[in-house]
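Chemist: There's a structure below that I have some questions on.
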Amino acid sequence: MQNTAAAGTVDRAAASLAELVRFRTVSSRTEADVETAEFEGFLSALPRLYPAVHAALVLERVNGDALLYRWPGSSPDAASRPAVLMAHYDVVPAGDPEQWTRPPFSGHNDGTHLWGRGTLDDKGQLVAILEAAEALLGAGFVPAHDLYFSFGNNEETAGGSAAAAADLLAGRGVRPWLVLDEGGAVAGGAFPGVRRPAAVVGVAEKGILDVELLTRGTGGHASTPPRMGATARLARAIVRIERGPFPQLLPAVTAEMLRRIGPHTPGPLRAVLAHVPLLRVPLTWLLGRLGAETNAMTRTTVAITMLEGSAGANVLATTARANANIRIAIGDTVAGTLERLRRIIRDSKVELRVLEANEPSPVSSYSGPQWQLLERCIALTYPEAVITPYIMMGGTDARRFTGICDAVYRFAPFFMDVDARASLHAVDEKIALETLGRGVSFYETLIRKL
Ligand SMILES: [Zn+2]
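In numbering that gives the first Met the number 0, the protein residues as written are 0 to 449.
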């Protein structure tokens with residue numbers, strides 16, 4: 000039977016989310032830009048909105064403004080099988096408010112949708128978790144095993160709070176049986192021709208590597224340019240990177256995704272996808288050419304950002320630099336990626352400096368008991384969805400927990416159509432009230448089964 004939230008649940012969740020969206024909790028790498036009062040306001044609203052949660056759970060602040068709740072389990076082995084439900088309440092900037100149909104921090108409820116920055120990413124998820132807990136506490140429920148909620152305050156700027164929370168748990172000997180964070184969703188229109196929504200659950204995320212490319216020149220006046228000055232050398236390196244993509248591979252997770260989606264695709268594609276193992280090579284080739292998104296599924300990608308060179312119209316650059324933002328495919332490593340980058344550039348005068356390096360995450364099982372539990376809960380909440388593992392292209396806070404947990408998953412229990420996904424980090428972000436209700440149901444179901 001399908002779980003649908005009662006109207007009262009949806010109204011309550013929507014009212015709480017509307018209030019929480021109004022706090023402009025925009026995170027920034029520049030500390031002076033963070034509106035501290037907005038974060039404090041957000042945090043002080045929670046005990047009022049969720050009194051039962053704040054009476055029954057142990058709450059501590061982590062790394063300043065991140066939150067870690069512990070809901071003590073009742074069984075004698077309560078600490079032996081803990082789970083962590085994650086979300087973050089910081090948001091990206093709203094951009095030009097004039098571009099929004101409804102003001103970005105209004106929390107406007109139009110009867111079908113709740114509008115505003117953070118409704119989908121990721122205050123909606125935080126609210127769904129807390130609403131579920133509040134309702135379960137109201138019904139006298141006590142979990143069998145310890146349950147943690149870890150809510151980040153700087154996910155969007157890849158800040159240190161999630162790592163601090165994971166360290167804190169590690170120091171107490173907590174080894175979560177399951178970690179669930181944002182990432183995938185119940186996606187409509189994600190696969191061409193597939194009419195059923197796809198519940199895509201992230202089992203891994205690509206690595207992120209930022210490398211500065213630096214070239215040097217003699218400088219001087221632009222009237223007497225040398226051959227292969229700093230800017231020309233940098234440009235040649237960039238063109239070589241553009242022309243020399245990393246090799247393609249089809250990770251086992253992506254093959255599994257195609258196998259699961261296959262039966263739901265129309266006509267000839269279905270026949271092709273029924274033979275994924277046999278057709279690995281041509282399929283990989285095809286994915287590489289279908290578009291930027293499917294291409295990124297099959298290889299390590301490099302984007303050149305932050306170009307910089309000469310400071311004046313008639314001034315030769317003494318240095319030129321660019322950032323290579325690299326997303327490392329599962330199966331590759333930071334060291335291997337750097338080595339290949341050097342080979343692609345093949346110019347010892349281009350200096351490479353690693354600014355930040357994160358290895359790709361380990362791959363969580365998509366057949367073990369934790370996966371099966373998630374599948375059951377998703378199927379109860381979204382019976383129409385095809386459920387599949389996938390590899391996330393972006394990074395999440397969840398990566399910080401892979402050191403203390405083997406079963407880390409990335410999934411928000413919300414339906415997102417193409418428009419909804421396009422609104423993430425863009426204008427007109429909004430959540431359908433119906434899916435907010437289903438999100439609460441999902442967490443109620445999951446918490447009861449943990
Ligand atoms: Zn997010």
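Cβ coordinates follow ideal geometry from the N, Cα and C atoms, glycine included. Nothing here was measured: the structure is a model prediction, and the numbers come from that model.
1) Report the partner residues of Lys429 according to the DSSP bridge assignment.
2) Excluding sequence positions up to five away, which residues of its chain have a Cβ less than 6 Å from the Cβ of Glu428?
3) Find the nearest neighbour of Arg399 within the set Val349, Val185, Ala203 and Ala221, judged by alpha-carbon distance.
4) Who does Pro388 pair with in a DSSP beta bridge?
5) List the endpoints of the continuous beta strand (DSSP E) containing Leu315.
6) Gly436 and Thr8 - do their beta-carbons sit closer together than 8 Å?
7) Note down the Cα distance separating Pro246 from Arg298, rounded to an integer number of angstroms.
8) Suppose you measure from the CA of Val90 to the CA of Thr24; what does that come to, to the nearest Å?
9) Tell me whether the beta-carbon of Ala198 lies closer than 8 Å to the beta-carbon of Ile386.
10) Let me know if Gln371 comes out buried or exposed under the rule of 16 or more other beta-carbons within 10 Å of its beta-carbon.
11) What span of residues does the alpha helix (DSSP H) with Asn294 cover, start to end?
12) At which residues does the beta strand (DSSP E) containing Asp209 begin and terminate?
13) Relative to the C-alpha of Pro225, which candidate in Glu154, Val210, Glu39 and Val314 has its C-alpha closest?
14) Compute every distance between the C-beta of Asp121 and the non-hydrogen atoms of ligand 1, then say whether any falls below 7 Å.
15) With a CB to CB cut of under 8 Å and the five nearest residues on each side skipped, what residues in its chain are close to Gly63?
16) For the alpha helix (DSSP H) holding Pro50, just list the boundary residues, first then last.
17) Which residues mark the beginning and the end of the alpha helix (DSSP H) in which Glu154 is found?
18) Any chance the CB of Glu181 is under 7 Å from a heavy atom of ligand 2?
19) Near Met0, which residues of its chain fall below 6 Å by C-beta distance, leaving aside the five closest residues on each side in sequence?
20) Looking at C-alpha atoms only, which residue of Thr317, Pro92 and Phe150 is the closest neighbour of Val61?
Modeler: On the basis of the supplied data:
1) Within the sequence shown, residue 429 is the residue found at index 430, counting from 1. BP columns for Lys429 point to Trp114.
2) In the sequence shown, counting from the first residue as 1, residue 428 sits at position 429. Excluding residues within five positions, the ones whose Cβ falls inside 6 Å are Arg116, Thr118, Leu119 and Ser422.
3) As a position in the sequence shown, residue 399 is number 400, starting the count at 1. Selected option, being the one with the closest Cα: Ala203.
4) Indexing the sequence shown from 1 puts residue 388 at position 389. Residue pairing by DSSP places Pro388 opposite Val200 in a beta bridge.
5) As a working mapping, residue 315 is identified with position 316 in the sequence shown. Leu315 -> no beta strand (DSSP E), and no H or E assigned at all.
6) Counting from 1 along the sequence shown, the entry for residue 8 is found at position 9. Counting from 1 along the sequence shown, the entry for residue 436 is found at position 437. For Thr8 and Gly436, yes; Cβs fall inside 8 Å.
7) Stepping through the sequence shown from its first residue, residue 246 is reached at position 247. Stepping through the sequence shown from its first residue, residue 298 is reached at position 299. When rounded, the distance between both Cα atoms is 6 Å.
8) Stepping through the sequence shown from its first residue, residue 90 is reached at position 91. Stepping through the sequence shown from its first residue, residue 24 is reached at position 25. Those two C-alpha atoms are separated by around 6 Å.
9) Position 199 of the sequence shown, counted from the start, is the residue given in the question as residue 198. Position 387 of the sequence shown, counted from the start, is the residue given in the question as residue 386. In contact: Ala198 and Ile386 (Cβ atoms closer than 8 Å).
10) On the sequence shown, position 372 is the one that residue 371 refers to. If you draw a 10 Å sphere on the C-beta of Gln371, you find fewer than 16 other C-beta atoms in it, and that means exposed.
11) To locate residue 294, count along the sequence shown from 1; it is residue 295. Taken as a continuous stretch (DSSP letters only), the alpha helix (DSSP H) holding Asn294 covers Ala291 to Thr297.
12) Numbered from 1 along the sequence shown, position 210 holds the residue referred to as residue 209. In the DSSP assignment, Asp209 falls within the unbroken beta strand (DSSP E) covering Gly206 to Arg215.
13) In the sequence shown, counting from the first residue as 1, residue 225 sits at position 226. It is Val314.
14) Here residue 121 is taken as the residue at index 122 of the sequence shown, counted from 1. For ligand 1, at least one heavy atom lies less than 7 Å from the Cβ of Asp121.
15) As a working note, residue 63 is residue 64 in the sequence shown. These residues qualify, in order along the chain: Asn152 and Ser160.
16) Residue mapping note: residue 50 aligns to position 51 of the sequence shown, counting from 1. Start and end: Pro50 to Ala55.
17) As a first step, residue 154 is located in the sequence shown; it is residue number 155 there, counting from the start. Run containing Glu154: none; DSSP gives neither H nor E here.
18) Ligand 2 is not part of the structure shown, which contains ligand 1 as its ligands.
19) Taking the first residue of the sequence shown as 1, we reach residue 0 at position 1. Its pLDDT being 42, under 50, Met0 is placed unreliably in this model, and the value from its coordinates should be taken loosely. Taking C-beta separations shorter than 6 Å and ignoring five residues to either side along the sequence, Met0 has no partners in its chain.
20) Residue numbering aside, residue 61 sits at position 62 when the sequence shown is read from its first letter. It is Phe150 whose Cα lies nearest to the Cα of Val61.
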